[in-house]
Structure formats: C-alpha cells, structure tokens
Amino acid sequence: MPTPSDPNQTPGEFDSKSFLKQLSERAGVYRMYDSAGEILYVGKARNLKNRVSSYFRKTGLAPKTEALVGKIHSIEVTITGSETEALLLEQNLIKSLRPPYNILLRDDKSYPYIYLSSHSDYPSLTFRRGRTKKGGGTWFGPFPSSGAVKESLNVLQKVFKIRSCNESYFRNRNRPCLQYQINRCTAPCVEYISPEEYQQDIRRATMFLEGKNPVIIRDLMNAMEEASSRLEFEKAATYRDQVNHLRHVQEQQSVDGEGGDADVIAIAQDAGVVCIVVIIVRGGRVLGTKDYFPKFSLEQTEGELLAAFLGQYYFGGDTRREIPNDILVPVKVEGQELLAEALTEAANRETRVRGNVRGERKRWLELAMTNAQQTLLTHLASKETVYRRLLALRDLLELTETPSRMECFDISHSHGENTVASCVVFDENGPLKSDYRLYNIEGVKAGDDYAAMRQVLSRRYRRLANGEGKKPDLVFIDGGKGQLNIAREVFEELNISDIPLIGVAKGVTRRAGMEQLIDAMTDAVFRVPADSPALHLIQHIRDESHRFAITGHRARRDKKRRQSTLEGIEGVGPKRRRELIRYFGGIQGIRKAGVDEIAKVQGISKALAETIYAALHNE
C-alpha cells in the first residue's frame, strides 16, 4: 500500500497522520522501509490500524522503538484473511527479507535425522540432514545436532551392529569390511547373518530410538536366558553385553519416563545478550539441545522475544520443522493462543504451547532453563566474545591501546550496616576471579557510600602508588557523578593520572541498556546504543561487581549475626560456640532446639543450656 503524500510534510519525513487515516482495521502484515528503500521491520497485527498507530504515539515509546520510527520513510501493508495467516506471512517475510529490527536466527539449517532404509532384508541406519518423503523408509528424530545423531548411531553400532553403509557399497561387497572386523557390523553384505536375526536387531534398534530401553532390556534378558538353556554361551554373552550397554545408556539419560514428544524452550538474558535453548524430547527421551543467540534491536520482554523466536523457528525456514504435540515455555508468550492455533493448523493435530506443567515436563523445563543460563555464561566468557567487546570498548573510549586489565568497584550494605566494597577484575579472557577482592568498610557513617568508596579506593590504590600490585588499564565506578568525583579525588591525592576513570550510572529509567557513562577526565555524560558490544562488556563487569559485593555483604552479615548472638551469652566461649554450631549446623538449628537437646552438646550443662535457650528466645 503506497504512503500518501502531504504538501506540508518535510522531505524525508513520514506522514503518519495521513497514512493512519486510511489504514485498514483488518488483520495483516506491515513492512517498514527507510529513505533508501531498505527494509527496517516486519510485523503482524490483528488490527493493523491499532498496531501501527502505537508506533506513532507521543509518549511511552522505548528508545530503540523511537530510533526505528525515526528512520521510517514508508510503510507497506498486506491484508490477510485471518491473524493466523498474518503470522505465517510475517515469518516468511522475515526469513526472506531479514529486517534489521526483527529478531533473526543465524542457524537456519534443517535438523538432522536417523534414517532406516526400506531394504527388505538388511536395511541400514544412516545420518540424514532434513526429512524427505522420497525412498520410503522410517525417520527418527529430529535430533538437535549432528553430534547427537553420531552418538546414537555409535551406540546402535556397538550394541546391535546395524550396517551404516550406502546401498551401492552394500551391493558390491564380496567380503566383510572393516566394520565387521572391529565388531560393529554383522556383515549382512555377505550374509554372515540371516535376515531373520538381522530383523530382530533392527526391531530392537527401532525400540531404542523410540525410547523403549526397559522393554529392550527385558527382551534381551529373556533371549540371554534361552541361549544359556540351549548351552549357546557365546550368544548369551553377546546378549549380556548388549544389556550392559543399554543399562549404561539408560543411566546416562537425564530424562526417561513420561512419554510424549515436546520441544522445550528456555530463554536467558544478560549483558545485552539473549540465549534461547531448545531441548528436543521424542518418545519421552531427551535427544539433546540446540542453542541460539538471536539478534534483536528493539526492547522486548522475554515473552515478546519468545513469540518472535517461535514464529520464525517453526514457520520461517525453507523447510518447516517437525511440530511436536507440546511446546513448553518458561513464561507467557505474547500471542500464545494464536501461535498454538497456527501450529495446530500446520501440524493437522492439536499442538499446545504451555508453561504451567508438572512432573517430568516440569523437569524438562527446569533442565532447559539451566542449559540456557549456563550456555549464556559460557558465551559471555568466550575469548572471541570478550576480544570483540574489548575492541569495541577501545574504540568507544578512544583509548590508544586495547585494555588488558579492568577493575570495577561497588558498595553493598543493609541500611548502612555491615558495609562491604567489591573489586572485580577482568582481563582479555574475561573475569579474573583469582584477583577479586572484598573490603570490609569500617569507621564510616552508616549508609555513607561516598566515604565507603573513598576508603576502598584509597586502600586499593595506595599500594599501587607505592609500587605494589598490578596496575589496571581502566577503572569503572558503579555509580553516578558523586561516586566518580570521589574516585577522581582519591586518584589526585595518590598522584595517579594515567588510569582512565569511567562512571556507570543506571540512567533515569534504571533499566538495562539505558546506562549512562561518565568520563572523569571531561565530565562528559553519554549513552551507548543498547546493542553495542562495548556496553555489553561494561554491563557484564558492572553486574559482576554488584553480584560479588552483595555476596560478600550477605556473608559478613550472616557471620556477624551468628557470632554476635552466641557471643553475648555468658559462659559460652569460642570452644562451646564451635561445638554448638557443629552439633546443630547453625544458629537456626540452635533456636529450634529445646533445653534438653542443647544440654546434649559436649561441654554444655543443663544450667548453661537453660541460659542459652533463654538468651536465644529473649526470656
């Protein structure tokens, strides 16, 4: 749909008012373009007029959305018959156009499968990328990666000795190949095994791929006993080895029990990076995981990110993925009901998108969340990621060299009590935890963060001024101009002038991505785009210093509470305190105990037990 013109419109400026006046209220897809005609964003809507109008309201837009709107030169729309059709069209357009402001998946290859050929007597099991209808046969999967397929084929060759060669190779053999020599194949190519026996192995291998390990084990145990009764001990030993292999595989299965097919989706966010993990469950067995780091440019909640991901994941590829009965998600997905309807229509059977699950499915979801968090941490700590961010940080701050050692400070306390300062260190490999330090702050007024910051920086860098310790290339202060001014005063007092100081303030909205950076040298306050690798590194360092400070503060607070409670009791010295803590496991255990139970501790008399009980219960 062309954009109408307005004689009062500034050249290059999009006339949203005129455009919205004639925009349909039906379901459809809209495409936003810049002045060069390049695609910016593709979206779907139940009501096109309402949805597109939301981009042009005067207040309440996120900064990234404002940036998108500022680039819009024209908008085209396509009206669809239903919202489901709009969803499918949106994902196809995202796939073909790859707009910069949409969430984009970098890995669009088809999932790998295991293929059981249609050979009448001696079928093979082989690796296949993508599922087709040609050639008949049976497909198992999808698996999350080629490694998962190879692992399963490796087990099948060890246990059941199924051939994995292609048909041409199989037909032209006149003697066994190396696989037979290393005991990974029964040489059906030269008929060393009968078709009936081979079909038994195929049946068991199929059951293995369907997740029916307990049934196979019972079957093999019966076969082993029958072989023993016929005095066929060599065959019985083969069955025994197969049982042992399968039991080992079953032990390694993290989830095996409640049947069913499901894709389990989890999401984790940190330092400007989003990680989405998909766990593939087929026949009640976890086949493995696949990780995605989608590129996104608009501020979005986890529910919005998952909605964009799932739509493109299932509908955006050249070949659609297999749709399971259940798609498990950790949060409410935007447009969840619509997505479920579209998936049901595509699969020709009911498909549910849900997160409120119990039992085995809840364990799958927890497993996916753990994987997402761990994968994100690993990604953030990878050398490639850190190096790329370091280069971006060097360019952002206009440093002459790439920083190889950075330190960041933060203060933590509870209403001014048990104040602790943290110093975390990052180098070219990421967090350098061996150099982390905690400082107990003493002698300052409760809640005076400025005085606490002055004390920790003085203690930290006085040693540096005296020629001791390692010199950082860059120092971050978690705080605004006040905290940064304290740091600058300390550096001036210690005659340190060659270490850049940067303050990291949360900004007005106090949201991640909205941080303000303050340069101590120039007092310049500036913001960095939320998708900047340099900002992601700064967020990572800042968050780590905050986490370390809170952890240290809580440890100090808990230790002081535990000690002060017992130290104030007459007759309870260090030795008796140690015995009490060891016997009950902590102060809470002592509080729960009665007088008689306390008196059982070595060195505690009945009278002293009554004193301890009274002191702990304010009697």
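Under numbering that gives the first Met the number 0, residues 0 to 618 are what the sequence shown spells out, in order. Even glycine gets a Cβ: it sits at the ideal position worked out from N, Cα and C. As the structure is a computational prediction, the values presented were derived from the model and not from experiment.
In the DSSP output, what is Trp138 paired with across the bridge? Tyr114
Own chain partners of Ile322 with C-beta closer than 7 Å, once the 5 adjacent residues on each side are dropped: Tyr313, Leu342, Ala345, Ala346 and Thr350
Entirely within the stretch 63–112 and at least 3 residues each: give me those beta strand (DSSP E) ranges in chain order. 73–78
Along the chain, where does the beta strand (DSSP E) that runs through His412 open and close? Arg404 to Ser413
Thr399: CB within 7 Å of a non-hydrogen atom of the ligand FAD: In the structure shown, the ligand FAD is absent, as is every other ligand, since no ligand is present at all.
Host alpha helix (DSSP H) of Tyr582 (start-end): Pro573 to Phe583
For Val594 and Glu578, which I take to be in contact (beta-carbon distance under 8 Å), what is that distance rounded to the nearest angstrom? Not really, about 16 Å apart at Cβ, beyond 8 Å.
Three-way DSSP call (helix, strand, coil) for Gln299 in this model: coil
On the DSSP letters alone, give me the boundaries of the beta strand (DSSP E) that Glu416 sits inside. Glu416 to Asp426
Please report the distance separating the alpha-carbon of Tyr612 from that of Gly442. 34 Å
Using 10 angstroms around the beta-carbon of Phe525, count the other beta-carbons present and answer buried if the total reaches 16, otherwise exposed. exposed
Quick one: using the 10 Å Cβ neighbour count with 16 as the cut-off for buried, is Leu536 buried or exposed? buried
First and last residue of the uninterrupted beta strand (DSSP E) at Thr125: Leu124 to Arg128
Measure the Cβ-Cβ separation of Ile71 and Leu22 and say whether it is below 8 Å. no
Classify Ser167: buried if its beta carbon has 16 or more other beta carbons within 10 angstroms, exposed otherwise. exposed
Starting from the C-beta of Glu488, find all residues in its chain whose C-beta is less than 8 Å away, skip the five residues before and the five after it, and write them out in chain order. Arg453
Residue range of the unbroken alpha helix (DSSP H) whose run includes Ile201: Pro194 to Leu208
State the DSSP-derived secondary structure class of Cys274, mapped to helix, strand or coil. strand
Would you mind sorting Gly256 into buried or exposed? The rule is 16 or more other CB atoms within 10 Å of its CB. Interpretation of Gly256 is limited by its pLDDT of 42, a score under 50 that renders its predicted location unreliable; the figure taken from the coordinates is listed afterwards. The residue in question, Gly256, is exposed, as its Cβ has fewer than 16 Cβ neighbours within 10 Å.
Can you tell me which of the three DSSP states Glu250 falls into? Caution is warranted here: a pLDDT of 45 is assigned to Glu250, below 50, making its placement in the model unreliable, and the coordinate value is therefore given only provisionally. Residue state, collapsed to three classes: helix.
What's the gap between the Cα of Lys605 and the Cα of Ala598? 5 Å
Looking at the structure shown, is Gly481 part of a helix, part of a strand, or coil, going by DSSP? helix
Under three-state DSSP, which class holds Gln515? strand
Other residues of its chain near Ile201: CB distance less than 7 Å, five sequence neighbours each side excluded: Pro122 and Ile161
Have a look at Ile440 and Glu467 and give me their C-alpha separation to the nearest angstrom. 21 Å
Coil, strand or helix - Lys469 by DSSP: coil
Within the same chain, show all residues whose beta-carbon is closer than 6 Å to that of Cys184, passing over the 5 residues directly before and after it, in chain order. Lys160, Arg162 and Gln178
Go ahead and label Pro6 buried or exposed: buried means 16 or more other beta carbons lie within 10 angstroms of its beta carbon, across all protein chains shown. With a pLDDT of 39 at Pro6, under the threshold of 50, the modelled position of that residue is not reliable, and no figure is offered here.
Own chain residues within Cβ distance below 7 Å of Ala608, not counting five before or after: Val594, Ile597 and Ala598
Residues near Ser81 in its chain [Cβ-Cβ closer than 8 Å; skip 5 each side]: Ala26
Name the residue from Pro62, Lys43 and Ser73 whose alpha carbon lies nearest to the alpha carbon of Glu85. First, the amino acid is wrong: residue 85 is Ala here, not Glu. The residue with the shortest Cα to Cα distance from Ala85 is Lys43.
State yes or no: is the C-beta of Ala464 within less than 8 Å of the C-beta of Leu500? no
Can you check whether the CB of Val189 is closer than 8 Å to the CB of Gln241? no
Using a Cβ-Cβ cut-off of 6 Å (strictly less than) and excluding sequence neighbours within five positions of Tyr582, which residues of its own chain qualify? Val600
Spell out the partners DSSP gives Thr288 in its beta bridges. Ile278
Report the three-state DSSP secondary structure of Lys43 (helix, strand or coil). strand
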